[in-house]
Amino acid sequence: MRQGSDLENKTREDRGFHRTESTLPDIRKEPASDKRPTLSNDLLSYLGPWNPFPQRISANDTVWLLDNTAYRNPKTGQWEAEFVAAVFDKDSGVEVSTVVADVAEKLGIGKGDAAEARIQERLMPFVQEILPGRVVNVDVAGKQPLRLGPGGRNGISSDIKTIPHAQGGEVLNVVAKVPQGANGILESKMVYAEPEGWGVISDIDDTIKVTQTSDPIGILRSTFVADATPVSGMPELYAYLQTLITNTSPWFYLSASPYNLYLFLSGFRQRYFPQGTMVLRDSSWMNLGGLLSNLTLGTQQYKVAEMDKMNSWLPKRRMICIGDSTQSDPESYGEIFRKYPGWVHVILIRKVTDIASLGIEAKNEPKRFEKAFEGVPKGVWHVFEDPKECYEILSSALGGQ
């Protein structure tokens, strides 16, 4: 069971998260329904990358390749990258209309409403059956074949691979080699980042995208019904920041949203924000209640662990961290600043005041930020309401470096 902080637990209690989660459908079943998994295959899937009998991708599979960032190994100087792939069945194995109706009812949407089609489209990655133990063969820009996986219980694989040489800032395409009939995100972008310079770590929900992470129904509505809406002023701020740090600087979009939402969030990012690696949680496939718990429980531990990884890749980069007050971004960035002296140079926290949420006042209290940023110089961390406040902060912080 994932543990939450005192602030997370209070928010969940005040807003009735447990009550909402208990009424959402849990779609998880025995993996795959179309003859594929035997009991032995199911047990072997617990071994993840050490599975001695992985399975190939078939024409009935959906494969997602996620965009990534290449870095020079700090010890060897060779280019490496973490490759993340997800595999699931093209078919759901469940009655999708029933799940759609369930979610629509909770959001007050009547049967036959046009919004039902959008709900079904966005729900599909939650209802398609996950396929553990799959191996994905990919080609890196026609220069190098790689074997990814096998994936673990969540159908997701994560592999660190040595890759072909390229120049910093160069973008190479990675293509999945799959049988005819297989579908998904079969091509991804890999951005090469040299060891030094600036880098950005940005939260997504309620930092750059309106999500209402303090309200369970708000999360469901913004995820399954509403247009993906950028926080006012943030696309312009990020475009400005891009001009300050050059086009070769790496961006990481670090969110507590589950990987089920990668396609949805990636499309949103492409429309409004700079190219970057999207890092999402992998623990709620086929579990709608998990969407809410992902966003509201244990987010600090999760984000710090992911930033540990980023630091191991790019320890000499000067990082700019951007988040908001609805989740644990202040605590996460404060912890990572203290953990790696000299790595984080600027922290920007959006003080969320434009959503009606019980308990948001406590999250915005000055004493919360003072505690989160204990030991962090005042000139490093900044709390803002209007993105326009950040232009001068960034110009001053980056202008002479």
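In case it helps, my numbering puts the sequence shown at residues 443 to 843. Backbone N, C-alpha and C define an ideal beta-carbon position, used for all residues, glycine too.
Burial state of residue i (16 or more Cβ within 10 Å)
i	result
V613	exposed
G519	exposed
P592	buried
D448	exposed
E571	buried
R663	buried
Y494	According to the sequence as given, residue 494 is Pro; it is not Tyr. Looking at its Cβ environment, which holds fewer than 16 other Cβ atoms inside 10 Å, P494 is exposed.
P473	Bear in mind that a pLDDT of 43 at P473, under 50, signals an unreliable position, so the number given afterwards is only what the model happens to contain. Buried, because 16 or more other Cβ atoms sit within 10 Å of the Cβ of P473.
L683	buried
R564	buried
P772	buried
D468	exposed
I602	exposed
N729	buried
P808	exposed
A698	buried
E748	buried
P432	Since the first and last residues shown for the chain are 443 and 843, residue 432 lies out of range.
E816	exposed
T649	buried
Closest Cα partner of residue i within the set the options
i	options	result
V431	L588, I650, G718	Here the chain covers residues 443 to 843 and nothing more, so residue 431 does not appear.
Y680	Y701, K651, P700, N702	K651
R595	F811, D448, W492	W492
T688	A635, P606, V822	A635
Q622	F811, D544, I499, L707	I499
K751	L696, T685, K830, P819	L696
A814	V545, V642, D766, Y833	D766
Y833	K548, V569, G675	G675
G660	D509, V545, F826, H824	V545
Q654	T738, S708, N615	T738
A512	K452, K631, Q562, R560	K631
L840	G639, D648, E777, P658	G639
E453	S774, D828, R760, E803	As written in the sequence, residue 453 is Thr, which differs from the Glu given in the question. Comparing Cα-Cα distances from T453 to each of S774, D828, R760, E803, the minimum goes to E803.
T604	A543, E522, F779	E522
E455	P658, R780, L705	P658
P606	Q497, L722, G584	G584
I844	E450, Q562, L590, L790	Because the chain here runs from 443 to 843, residue 844 falls outside it and cannot be looked at.
Residues that residue i bridges to, as DSSP identifies them
i	result
D701	Looking at the sequence provided, one finds Tyr at residue 701 rather than Asp. Answer is none; Y701 lacks a bridge partner.
Q586	V582
H824	L790
K809	DSSP output for K809 lists no bridge partner at all.
Y513	E522, A635
D601	F525
M720	Y695
W506	A528, I627
Q497	R576
V617	D581, E629
D448	None, per the DSSP bridge assignment.
Between the region 662-675 and the region 768-785, do three or more beta carbon pairs fall short of 8 Å?
-> no
For the region 571-582 and the region 548-556, state whether three or more C-beta atom pairs, one from each stretch, are separated by less than 8 Å.
-> no
Cβ contact check for the region 754-770 and the region 705-720: 3 or more pairs under 8 Å = no
Those runs of the beta strand (DSSP E) which lie wholly inside the region 517-566 and span at least 3 residues | 521-531
Sufficient close CB pairs (3 or more, under 8 Å) joining the region 490-506 to the region 525-538 = yes
Between the region 456-463 and the region 536-547, are three or more C-beta pairs nearer than 8 Å?
-> no
Continuous alpha helix (DSSP H) assignments of at least 4 residues falling wholly in the region 633-670 | 658-666
Decide yes or no for the touch test of the region 728-742 against the region 810-827: beta carbon pairs closer than 8 Å, at least 3 of them.
-> no
What runs of the alpha helix (DSSP H), each 4 residues or longer, lie entirely inside the region 729-786?
-> 730-738, 741-755, 771-781
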